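Numbering (my numbering), first residue to last: 2 to 276.
Glycine included, C-beta positions come from ideal geometry on N, C-alpha and C.
Only a predicted model underlies this, so the values are computations on that prediction, with no experimental measurement involved.
1. Suppose you measure from the CA of residue 167 to the CA of residue 120; what does that come to, to the nearest Å?
2. Measuring straight from C-alpha to C-alpha, what distance separates residue 185 and residue 233?
3. Cα separation between residue 80 and residue 99?
4. Let me check one thing: in DSSP terms, what residues is residue 123 bridge-paired to?
5. Where do the N-terminal and C-terminal ends of the alpha helix (DSSP H) with residue 163 fall, by residue?
6. Drop a sphere of 10 angstroms on the beta-carbon of residue 258, count the other beta-carbons inside from all chains shown, and report buried for 16 or more, exposed for fewer.
7. So, residue 64 versus residue 126, is the Cβ gap smaller than 7 Å?
8. For residue 262, is the classification buried or exposed, using 16 other Cβ atoms within 10 angstroms of its Cβ as the cut-off for buried?
9. Is it the case that the Cβ atoms of residue 220 and residue 253 are separated by a distance below 7 Å?
10. Whose C-alpha, out of 159, 149 and 240, is nearest the C-alpha of residue 107?
11. For the segment 7-19 and the segment 52-60, state whether three or more C-beta atom pairs, one from each stretch, are separated by less than 8 Å.
12. Looking at C-beta atoms only, is the number of pairs between the segment 175-189 and the segment 145-162 that lie closer than 8 Å three or more?
13. Measuring only the C-alpha atoms, how far is residue 246 from residue 238?
14. Report all residues from its chain with a CB closer than 8 Å to the CB of residue 8; omit the five preceding and five following residues, and keep chain order.
15. Spatial neighbours of residue 200 within its chain, please: CB distance less than 6 Å, with the 5 preceding and 5 following residues excluded, ordered by chain position.
16. Tell me which residues share the same chain as residue 207 and place their Cβ nearer than 6 Å to its Cβ, disregarding the 5 neighbours each side in the sequence.
17. Could you give the distance in angstroms between the alpha-carbon of residue 122 and the alpha-carbon of residue 60?
18. Look at the alpha carbon of residue 270 and the alpha carbon of residue 216, and state the distance between them as a whole number of angstroms.
19. What's the C-alpha gap between residue 268 and residue 148?
20. Under three-state DSSP, which class holds residue 63?
21. With residue 203 as the anchor, note down where its alpha helix (DSSP H) starts and where it stops.
22. I need the straight-line Cα distance from residue 228 to residue 146, nearest angstrom please.
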C-alpha cells in the first residue's frame, strides 16, 4: 500500500492523503518520504495552486510509529524509533531532523496548504496540522501534544513555535505540559482551526476554501504566504511593512494583476496565466 497518495481535484487543487489507515496514519519512513515527495512535486507543478492534506480512515495522523520507527533516506542501519534509543545522539539527530524539517517544508512551501483534520492529530500529526496554513476540523478531530505523554519534552518538531502563535501563551502551555486532547469544538472556539464541520462535509469544506484561494492570482497568493509567514517571526512593525511594500510593488508589475483589475471593472471572472 502506498503510504501517501495524491489526487488532482481540478481547479488547481491537489489532494495529499496520508494512507496508512490501519496504523492511524502514523509516521514511518514511507509516509514521511511520501509527504516530502508530494510537496516537492506540487511546488514544481505550475498547475497546482493549493494543496489539501488529510488522512485516510479514522485518523489524520497519530504521530510517530513507535513500533516501526523511521530510517531517513541515505542513512545506515535499520529503522530507529523512540523505543530503541535511536542508536546514539548522531543517529537520533538524523531522525529528529528528518521529521522536523518536514514542518519547515510545509510552512515555507510556496503554495498554501489546508489541513483537513479527521480524527486524531497527535504529536507529529499535530505538528503537520499546525504547519499548514489553514486548518479545518471534522467533528471527530482531536488534537494533543503526545510527546509529553511518553516521557519526552512536549516541545518537539515545531509544536512549541506554532502553538503559542495560534493559541496564545497560557493555553499553549497547558497543551504542552498536560498532553490533554483538545476536541473539535474547543479547537474552533480557541482558533486552533478555522471551523468545525461534520465529518462527511470535511473534504467539501476544504475544497471550497481551496477554490477561493485558487481563484486569486498565483503570484499574489505566493507573495501573500511569503510575507505573512515571514511576519509571524520576531520582526518589528517597520520591518513587516517594508517587506509588504516590496512584494506589493512586485505584484503590480505582473500581467495577472492588470488582468484582475480589468476583470473587476468588466464584472467578469479573471483569467490568470501566472505571468
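In terms of the structure at hand:
1. Taking the first residue of the chain shown as position 1, residue 167 is located at position 166. Taking the first residue of the chain shown as position 1, residue 120 is located at position 119. Straight-line Cα distance between these residues: approximately 20 Å.
2. The count along the chain shown starts at 1 and reaches residue 185 at position 184. The count along the chain shown starts at 1 and reaches residue 233 at position 232. Taking C-alpha positions only, residue 185 is separated from residue 233 by approximately 25 Å.
3. Working through the chain shown from its first residue, we reach residue 80 at position 79. Working through the chain shown from its first residue, we reach residue 99 at position 98. Because the pLDDT of residue 80 is 47, which lies under 50, any placement of that residue in the model is unreliable, and the number read from its coordinates should be weighed accordingly. For residue 80 and residue 99, the distance between alpha carbons rounds to 13 Å.
4. As a working mapping, residue 123 is identified with position 122 in the chain shown. In the DSSP output, where bridge partners are listed per residue, residue 123 has 145.
5. Your numbering for residue 163 matches position 162 in the chain shown. It spans 160-168 - the alpha helix (DSSP H) in which residue 163 sits, taken as one unbroken run.
6. Within the chain shown, the letter at position 257 stands for residue 258. Its Cβ being crowded by 16 or more others within 10 Å, residue 258 is buried.
7. Numbered from 1 along the chain shown, position 63 holds the residue referred to as residue 64. Numbered from 1 along the chain shown, position 125 holds the residue referred to as residue 126. Their beta carbons are under 7 Å apart, which means residue 64 touches residue 126 by this criterion.
8. Start at 1 with the first residue of the chain shown, and residue 262 comes out as number 261. Counting Cβ neighbours within 10 Å, residue 262 comes out exposed, since fewer than 16 surround it.
9. Stepping through the chain shown from its first residue, residue 220 is reached at position 219. Stepping through the chain shown from its first residue, residue 253 is reached at position 252. Cβ distance not < 7 Å, so residue 220 and residue 253 don't count as in contact.
10. Along the chain shown, read from residue 1 onward, the residue named residue 107 stands at position 106. Measuring from the Cα of residue 107, the nearest candidate turns out to be 159.
11. yes
12. Put simply, the segment 175-189 touches the segment 145-162. At least three CB pairs are less than 8 Å apart.
13. By 1-based counting over the chain shown, the position of residue 246 is 245. By 1-based counting over the chain shown, the position of residue 238 is 237. Roughly 12 Å between the two C-alpha positions.
14. For the purposes of this step, residue 8 is taken as the residue at position 7 of the chain shown. For residue 8, where only same-chain residues beyond five positions count, the Cβ hits under 8 Å are 15, 16 and 18.
15. The residue labelled residue 200 in the question sits at position 199 within the chain shown. The residues are 139, 140 and 141.
16. To locate residue 207, count along the chain shown from 1; it is residue 206. If we look at residue 207 and ignore the five residues flanking it on each side, its Cβ neighbours are 53, 115, 117 and 137.
17. What you label residue 122 is simply residue 121 of the chain shown in a count that begins at 1. What you label residue 60 is simply residue 59 of the chain shown in a count that begins at 1. In a straight line, the C-alpha of residue 122 is about 7 Å away from that of residue 60.
18. Within the chain shown, the letter at position 269 stands for residue 270. Within the chain shown, the letter at position 215 stands for residue 216. Taking the straight line from one Cα to the other gives about 9 Å.
19. For this step, residue 268 is matched to residue 267 along the chain shown. For this step, residue 148 is matched to residue 147 along the chain shown. If you take the alpha carbons of residue 268 and residue 148, they lie about 52 Å apart.
20. Here the question's residue 63 lines up with position 62 in the chain shown. DSSP places residue 63 in coil when its eight states are reduced to three.
21. Indexing the chain shown from 1 puts residue 203 at position 202. Residue 203 -> alpha helix (DSSP H) spans 203-215.
22. Here residue 228 refers to the residue found at position 227 when the chain shown is read from its first residue. Here residue 146 refers to the residue found at position 145 when the chain shown is read from its first residue. If you draw a straight line from the Cα of residue 228 to the Cα of residue 146, it is about 28 Å long.
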